[in-house]
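In mature numbering (1 follows the signal peptide of the UniProt record, and there is no 0), the protein residues as written are -15 to -1, 1 to 106. In what follows, a single structure is set out as structure tokens and then discussed.
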């Protein structure tokens, strides 16, 4: 089974840089692993992985606070390294599309920090 890895870097308090291919190609029944890095100012914030064209309207598949879970998708947060990892297993054609590594930013005017990833199955 091939494992494709995409590294998304969330650097600084309000800047975002995605490192790696904009499109990740995979195959049915394979596994994709996405590593998302973030600045230490976001260490204690909830991280999530969502699907949808636009971050503001995407649907969360998993969250680090456990409030959203998915049988084929997992998320883990290594706060000491400033990195959370998302793994999607047993991909299907329906998994093709836009996804976002996200960090919930609290506050009245808090806008979530996101990095967009297109997964092609």
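The beta carbon of each residue, even a glycine, is placed where N, CA and C say it ideally should be. It should be emphasised that the depicted structure is a prediction, and the values quoted were computed from it without experimental measurement.
Subject >> Beta-carbon gap between residue 75 and residue 14 smaller than 8 Å >> reply: Your numbering for residue 75 matches position 90 in the chain shown. Your numbering for residue 14 matches position 29 in the chain shown. In terms of Cβ geometry, residue 75 and residue 14 form a close pair [threshold 8 Å].
Original post:
What residues are listed by DSSP as bridge partners for residue 71?
Top reply: Reading the chain shown from its first residue, position 86 is the one you call residue 71. DSSP, once it has assigned bridges, lists 19, 60 as partnering residue 71.
Subject >> Rounded separation between residue 99 and residue 12 - CA only >> reply: Counting from 1 along the chain shown, the entry for residue 99 is found at position 114. Counting from 1 along the chain shown, the entry for residue 12 is found at position 27. The alpha-carbon atoms of residue 99 and residue 12 are separated by roughly 25 Å.
**OP:** Report the three-state DSSP secondary structure of residue 90 (helix, strand or coil).
**Re:** The sequence position of residue 90 within the chain shown is 105, counting from 1. Correct three-state label for residue 90: coil.
Original post:
Hey, how far is the Cα of residue 46 from the Cα of residue 30?
Top reply: Counting from 1 along the chain shown, the entry for residue 46 is found at position 61. Counting from 1 along the chain shown, the entry for residue 30 is found at position 45. Rounded to whole angstroms, residue 46 to residue 30 spans 17 Å at the Cα level.
Original post:
Does any heavy atom of the ligand GDP sit closer than 7 Å to the C-beta of residue 15?
Top reply: Inclusion of the ligand GDP in the displayed structure is not the case, the ligand content being empty and no account of it being possible.
Original post:
In three-state DSSP terms, what is residue 9?
Top reply: Here the question's residue 9 lines up with position 24 in the chain shown. The answer is strand: DSSP assigns residue 9 an E or B state.
**OP:** Determine which residues share a DSSP beta bridge with residue 24 and list them.
**Re:** Against the chain shown, residue 24 aligns to sequence position 39. Its beta-bridge partners do not exist; DSSP assigns none.
Original post:
Buried or exposed: where does residue 39 fall if 16 or more other Cβ atoms within 10 Å of its Cβ makes it buried?
Top reply: Taking the first residue of the chain shown as 1, we reach residue 39 at position 54. Exposed, by the Cβ-count rule.
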